[in-house]
Amino acid sequence: DAGVIQSPRHEVTEMGQEVTLRCKPISGHNSLFWYRQTMMRGLELLIYFNNNVPIDDSGMPEDRFSAKMPNASFSTLKIQPSEPRDSAVYFCASSPTGVFTEAFFGQGTRLTVV
Amino acid sequence: TQLLEQSPQFLSIQEGENLTVYCNSSSVFSSLQWYRQEPGEGPVLLVTVVTGGEVKKLKRLTFQFGDARKDSSLHITAAQPGDTGLYLCAGALTGNQFYFGTGTSLTVIP
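These protein sequence lines map, in sequence, to chains A and B. Our numbering applies: residue 225 is where the first sequence begins, and numbers increase by one. Our numbering applies: residue 303 is where the second sequence begins, and numbers increase by one.
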């Protein structure tokens, strides 16, 4: 398996533009997570899907952020409009069903908003 | 505020030295995991502990889960340059929803 695949790896955009980050989880994994990592705040859980259904989106910072999982093999995280403070590395992770399971992370998308 | 606080935040040691990293919270966790992250990559799981007081060993790494399941420690014996990285603890309140700690950046100098 190729692991969790995220695209793009790097994104530079201007303030006010829409940004869409993409994730392909590992086949067969039922849980999908979006995290944001910054030096100041560390790795923050933004949203958690189980069987394509959002379970907890309490970590989504504002209404400018939205996430979808239209099917078991694809998820998006959208920021509209983007702001400089959204600059961070965004990680997608997936895990199989069950308790105490391992989360497999993608390589992340480094977002810079100028 | 962070659910899990790690200390120290930064650690730089000489090859061959021992070190301990701490992960503390006021919350009780159903399970706790330790991950290591290298630059430009996502975190990779090292271990999962689920029972209060549990101790797990992975070669030179020893992980302990506190009796009350609120804290954990990672001890590395005879550190090597290959141990360099960001060490993250992650706790689950329920199920598979893990919250990550603030991280400890370890540098092992040859």
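No residue lacks a Cβ here, since even glycine has one placed at the ideal position from N, Cα and C.
Residue burial is scored here from C-beta neighbours: Asp310(A) has at least 16 other C-beta atoms within 10 angstroms and is therefore classed as buried. Ranked by how close their Cα comes to the Cα of Val277(A), the residues Thr262(A), Leu267(A) and Phe298(A) have Phe298(A) in first place. Approximately 11 angstroms separates the beta-carbon atoms of Ser374(B) and Thr322(B); this is outside 8 angstroms, ruling out the contact.
Contact check between the stretch 395-402 of chain B and the stretch 322-338 of chain B: three or more CB pairs, one atom from each, fall below 8 angstroms, which counts as touching. Between the stretch 255-264 of chain A and the stretch 313-332 of chain A there are three or more C-beta pairs closer than 8 angstroms, enough to call the two in contact.
Under the Cβ distance rule, Gln366(B) does not count among the residues neighbouring chain A, no pair being separated by less than 8 angstroms.
Three or more beta-carbon pairs separated by less than 8 angstroms link the stretch 282-292 of chain A to the stretch 262-273 of chain A, which places the two stretches in contact. For the 8 angstroms CB-CB criterion, Arg246(A) and Arg334(A) do not form a contact. In the DSSP assignment, Asp373(B) falls within the unbroken beta strand (DSSP E) covering Asp373 to Ile378. The CB of Glu286(A) never comes closer than 8 angstroms to any CB in chain B; the least such distance is about 18 angstroms. Per DSSP, reduced to three states, the secondary structure at Pro383(B) is helical.
Scanning its chain for C-beta atoms nearer than 8 angstroms, with the 5 sequence neighbours on each side dropped, one finds around Asn295(A) the residues Asn276, in chain order. In this model, Thr386(B) and Gln339(B) are separated by some 9 angstroms (Cα to Cα). In the DSSP annotation of this structure, Asn275(A) is not part of any beta strand (DSSP E), being labelled neither H nor E. By alpha-carbon distance to Cys325(B), the top candidate from Val410(B), Ala380(B), Gly368(B) and Phe400(B) is Gly368(B). Between Thr379(B) and chain A, the shortest Cβ-Cβ separation is not below 8 angstroms. Under the 8 angstroms criterion on CB atoms, Tyr324(B) is classed as non-interfacial with respect to chain A. Inter-residue distance for Pro308(A) and Gln331(A) is about 22 angstroms (C-alpha atoms, whole angstroms). The alpha-carbon separation between Lys302(A) and Asn274(A) amounts to approximately 19 angstroms. Taking C-beta separations shorter than 7 angstroms and ignoring five residues to either side along the sequence, the partners of Ile250(A) in its chain run Asp225, Gly227, Val228, Ser318 and Phe328, following chain order.
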